[in-house]
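Q: Sharing a structure below in structure tokens format, with a few things to ask.
Number of protein chains: 2
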Amino acid sequence: MDIKQYMEQVGLQARSASRAMVRADTTRKNRALERIADLLVQSMDLLLSENQKDLDAGKKSGLDAALLDRLALDQARVEGMAQGLRQIAALPDPVGEMSDLNYRPSGIQVGKMRVPLGVIGIIYESRPNVTADAAALCLKSGNAAILRGGSEAFHSNQAIAGLIHQGLADAGLPAQAVQVVETADREAVGELITMSRYVDVIIPRGGKGLIERISESARIPVIKHLNGVCHVYIDDQAEQKKAIDIAYNAKTHRYGVCNAMETLLVAEGIAAACLPPLAEQYRQEGVELRGCAATEKILPDVVAATEEDWDEEYLAPVLSIRIVSGLDEAMEHIHQHSSGHTESIVTESYSRARRFLAEVDSSSVMVNASTRFADGFEYGLGAEIGISTDKIHVRGPVGLEGLTSQKFVVLGDGHIRQ
Amino acid sequence: MDIKQYMEQVGLQARSASRAMVRADTTRKNRALERIADLLVQSMDLLLSENQKDLDAGKKSGLDAALLDRLALDQARVEGMAQGLRQIAALPDPVGEMSDLNYRPSGIQVGKMRVPLGVIGIIYESRPNVTADAAALCLKSGNAAILRGGSEAFHSNQAIAGLIHQGLADAGLPAQAVQVVETADREAVGELITMSRYVDVIIPRGGKGLIERISESARIPVIKHLNGVCHVYIDDQAEQKKAIDIAYNAKTHRYGVCNAMETLLVAEGIAAACLPPLAEQYRQEGVELRGCAATEKILPDVVAATEEDWDEEYLAPVLSIRIVSGLDEAMEHIHQHSSGHTESIVTESYSRARRFLAEVDSSSVMVNASTRFADGFEYGLGAEIGISTDKIHVRGPVGLEGLTSQKFVVLGDGHIRQ
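If you're matching them up, the sequences are chains A and B in order. Quick note: the first sequence, position 390, residue 390 per our numbering, numbers continuous. Just add 418 to the spot in the second sequence (first one is 1) and you have our numbering.
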């Protein structure tokens, strides 16, 4: 296979399909989503047997247990995919929304219309459910999608792709509105992220290594999520119970997620009261605590934190703790070490909450809430294709609206510029 | 001068100043803008004498008359700059605007807050007034700016920069919130567009060559305006007088601007009635007409258009005309040849207007209005830093809002994720 030529063909087809998707009304898009959901459940045997091929190959090539688990489909996971599609069908369609339509002194009316981005390239790793999720979000937002999953999920993804094509066609939409790249060759990724004529935006989903590689080589805008070094700051005007609940939840609710807290900042005025009971709760959960020198004075058995700890996304039962003089030092630490994902302040002080909200430059900024809320479902987006830690276009959880843009519309009645 | 080290310093200062700018309230930012405006007018002699150095050097190095004209400052132009600053001071401040704040089932409130992008790098060519305009837009939107003007305007830009610094300092803002790069060395541009640690977005302003070079090498998101191949489509259900007025205005109101029409598409059902009187008006203005074979049958003296004509941004009294069967063929032509800037349909048909608005994928889409309206002032943005023909973040005229983004804010009262 000539990869360059093949990808050129994929791009051309996607661009063409994207024009049909712009015209597709909400009913038709929803019909396709519902139909694909039905087909997934009806094709359970096919999906599980194709998935088995990937699992067998994975075992043979020595994939570790965690990767094999992510790769595996079972009845519940397939039903989960179908349910996800039905949830996306139930969401409001953002395309065509008009806003801010006002008359101007010249007599024209000027407003904005929400429109699909066009063609979205999504590059992801081993989970086959991403194929259905990502396709559904692109489809509902009126975009064409080119999906490139991990080579270890090749057979699973191709089987899902076949059902998506059938569902699109059954609803009268072009099957090529969702294309799953039919080669495991890495060169295909290189083409995908550079063919700016056909692809409008790239969304990588996966580990930091994948995302850095793609951002480095892409010649197309990338919406990316690098990492989540999230902070909770317990102010000395915090209510102690809220502080402990939030700091405990933000670390221990789940460890391997980007919105888990990695560093706890505590105002020196409240540290002695707050840290011992909190540390006791962490210890019961087996969380390893690493602390600054001041923390060690209050919690003698913490490990001494190194400079590297402040920049580390543990994704594990490990927490670094730093005692700061107050809000300014906390915000300075966040500015130096945050990855721009999510930060939360615990305080009863109105003024400090207001400052934290305004001045902390992260995609989600919270007052008296656990960082674990930073999530498309919790925010009411219905679903998310990822969480953007970029600063332009979209920040935080990316739902349907993040896959659209706004163009200007001008309505006149023969108006000319004087 | 070690350019790399110098630019690193500039970047570091900009990042630091951007944090002070986030905290700056509207009054303080406006005070700085008003103060800079005053200083520009008070320093007329200095500005004109520094500008004279650039003009002398430009003449010596053989700059053409058009370039020298763009470079030249006089009393009116300096007063125009000052007025521009005062207009920006009068605009509403977009920073901090909160929207869509709603309670979620979990009990948290989730909304969005508009925030500055951070540090904006602007690269432009010879006009010194861009230095003041761009600085003012960045300042008002709470961003720090690194400006890199054309080397031929070096002395003018440095003189303006000095006044900006003084105005910022007088208002209690960091002078380094606006830095004008103090070297004409091209290596500085290379550093600016790759130091992603310090710069959040690059906006090139200038000719297509400059913008392509920068987009190609940047490692930072670029908001760009490549070119304006704008179309007017006269539908066979157009009212003839409106059609002729709009097509005439869109071409002849000004030639060297990106929102001028470059190609006129005419439905075959109205071409014979519409084109002869329109062509007569164009001829009186000295507009050269190039047409497709069908056009030549109606207007025998047009030049035959070549394939290249359909992709050409003339920026001159030249117009290409193509007769199409109707709306679908017109939209297909636009899809193939438009640069995504601005397109307008002239029609009395509600359904066709609705389709054109929904399906044409350009930054501005118009009904019964001249493409010349595609402009930040005409749209009510107050001022613009450029017109984006990109698809993500911002499309069309970029005003203050385009220099901001939205982060999520979450308000809880001890809420944790269950």
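Backbone N, C-alpha and C fix where the C-beta goes; we use that ideal spot for every residue, glycine too. Note that the structure is a prediction, hence the values are computed from the model and not measured.
(1) Is the separation between the beta-carbon of Gln836 of chain B and that of Arg532 of chain B shorter than 8 Å?
(2) Do Glu288 of chain A and Val318 of chain A have their C-beta atoms within less than 8 Å of each other?
(3) Quick one: list the residues of chain B neighbouring Met113 of chain A, beta-carbon separation under 8 Å, in chain order.
(4) For Leu519 of chain B, tell me which candidate among B:His833, B:Leu829 and B:Ile834 has the shortest Cα-Cα distance.
(5) Kindly say whether Gln406 of chain A, judged by its beta-carbon, lies nearer than 8 Å to any beta-carbon of chain B.
(6) What's the gap between the Cα of Ala733 of chain B and the Cα of Ala748 of chain B?
(7) Please confirm whether Glu87 of chain A and Ala383 of chain A have their CB atoms less than 8 Å apart.
(8) Of all Cβ atoms in chain A, is any one closer than 8 Å to the Cβ of Val827 of chain B?
(9) Determine the chain A residues that contact Ser767 of chain B at a beta-carbon separation under 7 Å, and present them in chain order.
(10) Taking 6 Å as the limit between beta carbons, can you name the residues of its chain near Gly11 of chain A, skipping five residues before and five after?
(11) Apart from the five residues just before and just after Ala24 of chain A, which ones in its own chain have a Cβ nearer than 8 Å to its Cβ?
(12) Skipping 5 residues on each side, what residues in its chain have a beta carbon closer than 8 Å to that of Val257 of chain A?
(13) Given a threshold of 16 other Cβ atoms within 10 Å of its Cβ, counted over all protein chains shown, does Lys251 of chain A qualify as buried or as exposed?
(14) Under the three-state reduction of DSSP, which class applies to Lys112 of chain A: helix, strand or coil?
(15) Which residues of chain A have a Cβ atom closer than 9 Å to the Cβ of Phe791 of chain B, listed in chain order?
(16) By the 8 Å beta-carbon criterion, what residues does the segment 612-624 of chain B contribute toward chain A?
(17) When the cut-off is 8 Å and only beta carbons count, does Ser370 of chain A lie next to chain B?
(18) What are the residues that DSSP puts in a beta bridge with Val318 of chain A?
(19) Using a Cβ-Cβ distance under 8 Å, would Val387 of chain B count as near chain A?
(20) Given a threshold of 16 other Cβ atoms within 10 Å of its Cβ, counted over all protein chains shown, does Ala483 of chain B qualify as buried or as exposed?
(21) Restricting to Cα atoms, I'd like to know which of B:Ser762, B:Val528 and B:Asp551 is closest to Ala455 of chain B.
(22) DSSP state of Ala748 of chain B, grouped into three classes?
(23) Buried or exposed, going by whether 16 or more other CB atoms sit within 10 Å of the CB of Glu343 of chain A?
(24) Any contact of the segment 390-409 of chain A with the segment 91-101 of chain A, i.e. 3+ C-beta pairs under 8 Å?
(25) Can you pull the chain A neighbours of Gly536 of chain B, defined as C-beta to C-beta under 9 Å?
(26) Can you list, in chain order, the residues of its chain whose CB lies under 6 Å from that of Val599 of chain B, leaving out five sequence neighbours each side?
(27) Do Ala89 of chain A and Leu33 of chain A have their C-beta atoms within less than 8 Å of each other?
(28) Can you name, in chain order, every residue of its own chain whose Cβ lies under 6 Å from the Cβ of Tyr233 of chain A, other than the five neighbours on each side?
(29) Does the beta-carbon of Val365 of chain A have 16 or more other beta-carbons within 10 angstroms, so that it is buried, or is it exposed?
(30) CA-CA distance, Val528 of chain B and Gln336 of chain A?
(31) Count the other C-beta atoms from every protein chain shown that fall within 10 angstroms of the C-beta of Ser126 of chain A, then say buried if there are 16 or more, exposed otherwise.
(32) CA-CA distance, Glu378 of chain A and Leu481 of chain B?
(33) With distances taken from CA atoms, which of B:Met679, B:Arg708 and B:Gly525 is nearest Asn368 of chain A?
(34) Just the chain A side, please: which residues come within less than 9 Å of Lys669 of chain B by C-beta, in chain order?
(35) In this structure, what does DSSP give as the bridge partners for Lys407 of chain A?
(36) Given that a residue counts as buried once 16 or more other Cβ atoms are within 10 Å of its Cβ, and exposed if not, what is Pro694 of chain B?
A: Working from what's here:
(1) Result no, Cβ atoms of Gln836 of chain B and Arg532 of chain B do not sit closer than 8 Å.
(2) Contact: yes.
(3) Leu775, Ala776 and Val783
(4) Residue B:Leu829 holds the alpha-carbon nearest to the alpha-carbon of Leu519 of chain B among B:His833, B:Leu829 and B:Ile834.
(5) yes
(6) For clarity, residue 733 of chain B is Leu in the given sequence; the question names Ala instead. In a straight line, the C-alpha of Leu733 of chain B is about 22 Å away from that of Ala748 of chain B.
(7) Inspection of the sequence shows that residue 87 of chain A is occupied by Gln rather than by Glu. Contact flag set, yes.
(8) yes
(9) Under the 7 Å cutoff, chain A gives no residues; its nearest Cβ is about 14 Å from Ser767 of chain B.
(10) Met195 and Tyr198
(11) Gly142 and Leu173
(12) Gly228, Leu315 and Arg372
(13) The C-beta of Lys251 of chain A has 16 or more other C-beta atoms within 10 Å across all chains shown, which makes the residue buried.
(14) strand
(15) Arg104, Ser106, Ile108, Val110, Val410, Gly412, His415, Ile416 and Arg417
(16) So the list reads Asp618 and Val619, given in the order they occur along the chain.
(17) yes
(18) A:Glu288
(19) Nothing about residue 387 of chain B can be reported from this structure: the residues present for chain B run from 419 to 836 only.
(20) exposed
(21) Per the Cα distances, B:Asp551.
(22) helix
(23) buried
(24) yes
(25) Asp361 and Lys391
(26) Its chain contains Arg566 and Ala606 as the residues whose beta carbon lies nearer than 6 Å to that of Val599 of chain B, once the 5 sequence neighbours on both sides are disregarded; these appear in chain order.
(27) yes
(28) Leu265, Ala330 and Ile345
(29) buried
(30) Distance between the alpha carbons of Val528 of chain B and Gln336 of chain A: 26 Å.
(31) buried
(32) 60 Å
(33) B:Gly525
(34) The contacting residues do not exist; Lys669 of chain B stays about 11 Å from chain A at best.
(35) According to DSSP, Lys407 of chain A shares a beta bridge with A:Met113.
(36) exposed
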